[in-house]
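J.: In the numbering used here, the protein residues as written are -14 to 556.
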Amino acid sequence: MIQIKGIAASQGISFAKAYFFNNPKLEVLEKKIVNTSEELLKLDSAIELSRRELKLIKEKTSEMIGNDKANIFEAHLLILEDEEYIETVKTDIISKEINAEYALKETSDMFIHMFESMNNKYMKERASDIKDVSKRIIAHLLGVSLPNPSLINEKVIIVANDLTPSQVAQLNHKYIKGFVTNIGGKNSHSSIISRQLGIPAVVGTNNITSIIKNGDFLIVDGTTGIVEINPNNEILKKYKEKKEILKKEKENLYKLSLLKTETADNKKIILSSNIGTLKDLQEVKKNGSEGIGLYRTEFLYMTKGELPTEEEQFNIYKQILLNMKNKSVVVRTLDIGGDKRVPYLGYPNEMNPFLGCRAIRLCLKEKNIFKTQLRALIRASIYGKLCIMFPMISTLTELREAKKIFEEQKIILKKKGYKIAENIEIGVMIEVPSAAILSDFFSKEVDFISIGTNDLIQYTMAADRMNENVSYLYQPYNPAVFRLIDFIIKSAHNENKWVGICGEMASDPIAIPILVGMGIDELSMTSTSILKVRKHIKKLKFSEMKNLSKKILMCRTSDEVISVVEKEIIK
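1. On the CB-based measure, 16 or more other CB atoms within 10 Å of its CB, does S47 come out buried or exposed?
2. Suppose the cutoff is 8 Å on Cβ atoms and the five residues either side in sequence are ignored; what does the same chain contact list for K116 look like?
3. Determine, using beta carbons only, whether V221 and I184 come nearer to each other than 8 Å.
4. Would you call the CB atoms of K531 and G502 closer than 8 Å?
5. Regarding K43 and the ligand HEM, is the C-beta to nearest heavy atom distance less than 7 Å?
6. What does DSSP give as the partner residue(s) for N259 in the beta ladder?
7. Can you grab the Cα-Cα spacing for the pair K389 / L263, in whole Å?
8. Can you list, in chain order, the residues of its chain whose CB lies under 6 Å from that of L39, leaving out five sequence neighbours each side?
9. So, is P461 buried or exposed, given that buried needs 16 or more other C-beta atoms within 10 angstroms?
10. From what residue to what residue does the beta strand (DSSP E) around L0 run?
11. What number of angstroms, rounded off, separates the C-alpha of I193 from the C-alpha of L500?
12. So, at 6 Å on beta carbons, what are the nonlocal neighbours of A154 in its own chain, with the 5 sequence-adjacent residues on each side left out?
13. For a minimum of 3 consecutive residues, which ranges assigned as the beta strand (DSSP E) are wholly contained in the segment 316 to 396?
14. According to DSSP, is I123 part of a helix, a strand, or is it coil?
15. Which whole-angstrom value describes the C-beta separation of T65 and R111, a residue pair presumed to lie in contact below a C-beta threshold of 8 Å?
16. Please list, in chain order, all residues of the same chain as A496 whose beta carbon is under 6 Å from its beta carbon, the five residues on each side excluded.
17. With a CB to CB cut of under 6 Å and the five nearest residues on each side skipped, what residues in its chain are close to A421?
18. Below 8 Å, how does it come out for the segment 400 to 419 and the segment 434 to 451: are there three or more Cβ pairs, yes or no?
19. Could you check if E213 is buried or exposed, using at least 16 other CB atoms within 10 Å of its CB as the buried criterion?
20. Less than 6 Å between C-beta atoms, sequence neighbours within five positions excluded: which residues of the same chain meet that for F527?
21. Can you give the Cα-Cα distance for S456 and V466, rounded to whole angstroms?
22. To which residues of the same chain is V118 closer than 6 Å at the C-beta, ignoring the five residues directly before and after it?
23. Are the CB atoms of G207 and Q(-4) nearer to each other than 8 Å?
24. Give me the residue from F5, K401, G170, K524 with the minimum Cα distance to N199.
25. Can you check which of these residues, A186, L182, L136, is closest to D147 by C-alpha distance?
26. In terms of alpha-carbon separation, which member of P494, L525, L533 lies closest to S514?
27. When the Cβ atoms of the segment 388 to 404 are set against those of the segment 335 to 342, are three or more pairs found closer than 8 Å?
28. Within its chain, find whatever has a CB closer than 8 Å to the CB of A85; leave out the 5 residues flanking it on each side and keep chain order.
29. If I'm right that L384 touches E430 with Cβ under 8 Å, what's the distance once you round it to whole angstroms?
30. Where does E296 sit, in a helix, a strand or coil, going by DSSP?
31. Based on the DSSP output, what are the partners of Q(-12) in its beta bridges?
32. Going by C-alpha to C-alpha distance, which of V314, D506, L256, E295 sits closest to F355?
33. Taking only runs of the alpha helix (DSSP H) that begin and end inside the segment 395 to 474, which ones reach a length of at least 4 residues, in chain order?
34. Give the DSSP-derived three-state secondary structure of G485 in the structure shown.
35. In whole angstroms, give me the CA-to-CA distance for L349 and I537.
36. Hey, quick one: how far does the alpha helix (DSSP H) through K312 stretch, first residue to last?
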């Protein structure tokens, strides 16, 4: 009986025997070659095979857990299109007259080392992606078959040094009851996918493969990060009871799915979902969402090698509106740029893409793309309650230009005989401090305001949320952020306009009482968070939260904010 502690990567408790998952050792030796042309063809063939496999994995992942998470494999496919990466390999083959697999390994190791040495979580994750992709290409070059976890047909807990995102995506949760690895982190792509699949996982145990034997009976607690090896009956009984408690808690939460969201003193708040694809609607309904607070349309553009047509977009918007049965659907117009690139548009890399040509800036530059999307939305408007939101608005001039284009497209469609809803709401996503400060003016010219807190925080604090060197400045609870949010809400309410939050803050237990007290009208989040947030809000009193929010606005630091909330809520 041994207990191992690792990192809790995916919640849940599972019991099964250990199944060692060994990735083959890809031994790559340097060889001198004579025919470089033949070696280049060999490389191209291996890349093409890898591309086909990754496309299939991406499609399967999309079917199981939605396009949002499947786009992890879009990043893998982009590596295969990366000219600097592939051309470096080819140059080495030609100039050094070496075999393709050795040239690929040398180049991959160089890029992996470069990314791993950066103090940036996003870039470190790029290193993990390159490892996964390069291993796949090298396996094809060596003629070695990579193990396929989807072929496992008995109930087991996988034990491995590591699992790549592509391997986790192929796990069949009918048989795979959990997994444990030596390495990995809570926010790695593999962990993210395991959470979406609902497979309990513990990662970062360091040496579990040297402790466990194949066939050992394991308990994996993905909530605490504990792995029990060959436990006695007393420990097994304890975990079975804990699993039953977690199951009942989940069932009790689902009882809230049919209820409206309101505080203990009857203040109503709308809880909506953030979605990226049609498949996400299953979770929307399951969790009792009261609307769509953010439909990220960029996934329509990022999952194809070309721009989606007006007809393609119209059909998708129509289906979403029909599915929501007159519940509000907030559609964010194309928001690409920053960390969301669309290679086929041909835009060069920018020095600081988060402050560059992205979102509404790109749409006002590429008006034909913008007009196509607006026409599709306007045509779909008769099928539900449509709200159109413009992202990354910095000035009133941008808003007015976007609204002008919207009105022009309405006129064009009316002349063509299309039916159009008369109650389409137009709003802005406030994530730039300039727009927040001018929100009293913006509120006069829109129907609603949605606050994108993720970007509002990083722009207010001038701190890239993906840069570890300044991560201490990415402060969701900074009083400056709450003062801006309070001003935005008051400004909108003065004009009788509603306000929503669609960033991570919407489901944050520290932020929720403050936002409720400030009078927020809607909170939009991942569908799976809705029931927990509803339960949380039902315990709060609006009258008390109003007093709490006033205290928050007098705080000087993030720590003070947290302290005040904990004192008021946990009293």
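Heads up, the beta-carbon is just placed ideally off N, CA and C, and yes, glycines get one too.
T.: Here's the rundown:
1. Buried, by the Cβ-count rule.
2. Result list for K116: S93, I97, T149, in chain order.
3. Residue identity differs from the one stated: residue 221 is Leu in this sequence, not Val. Between L221 and I184, the C-beta spacing is not below 8 Å.
4. Closer than 8 Å, so yes.
5. Here there are no bound small molecules, and the ligand HEM is not part of this structure.
6. Looking at the DSSP assignment, N259 forms a beta bridge with L279.
7. Cα to Cα, the separation comes out at about 29 Å.
8. Setting aside the 5 residues that flank it on each side, L39 is surrounded in the same chain by F58, H61, L62, each with a C-beta closer than 6 Å to its C-beta; the list follows chain order.
9. A residue is called buried when at least 16 other Cβ atoms come within 10 angstroms of its Cβ; P461 meets this threshold and is buried.
10. In the sequence as displayed, the identity of residue 0 is Phe instead of Leu. Per DSSP, the continuous beta strand (DSSP E) segment holding F0 begins and ends at -2 to 5.
11. Straight across, the Cα-Cα distance linking I193 with L500 is about 44 Å.
12. Excluding sequence neighbours, A154 sits near I42, T46, I178.
13. Residue ranges of uninterrupted beta strand (DSSP E) with 3 or more members, entirely inside the segment 316 to 396 and ordered along the chain, are 370 to 375.
14. Three-state result, I123: helix.
15. It should be pointed out that residue 65 corresponds to Leu in this sequence rather than to Thr. The beta-carbon distance between L65 and R111, rounded to whole angstroms, is 14 Å. This is too long to meet the 8 Å contact definition.
16. The residues are M490.
17. Residues of the same chain with a CB within less than 6 Å of the CB of A421, apart from the 5 flanking positions on each side, are I415, L469, I473 in chain order.
18. Touching, per the Cβ criterion.
19. With 16 or more other Cβ atoms within 10 Å, it is buried.
20. Only T248, D250, K252 meet the Cβ criterion.
21. Roughly 16 Å separates the two Cα atoms.
22. H61, I64, listed in sequence order.
23. G207 is a Cβ neighbour of Q(-4), given a cutoff of 8 Å.
24. Here the closest residue by C-alpha is F5.
25. Selection A186, L182, L136 evaluated against D147 yields A186 as nearest (Cα-Cα).
26. Per the Cα distances, P494.
27. No, the segment 388 to 404 does not touch the segment 335 to 342.
28. The answer, listed in chain order, is E24, L25, K27, L28, A31, V74, I78, L126.
29. Contact between L384 and E430 holds: CB atoms are separated by about 6 Å, below the 8 Å threshold.
30. Collapsing the DSSP output to three states places E296 in a helix.
31. DSSP, once it has assigned bridges, lists E213 as partnering Q(-12).
32. The option with the nearest alpha carbon to F355 is E295.
33. Runs of the alpha helix (DSSP H) lying entirely within the segment 395 to 474, each at least 4 residues long, are 418 to 422, 424 to 427, 438 to 445 in chain order.
34. In the three-state reduction of the DSSP assignment, G485 falls in the strand class.
35. Spanning the alpha carbons of L349 and I537 requires a straight line of approximately 38 Å.
36. Note, K312: premise wrong, no alpha helix (DSSP H); not H, not E.
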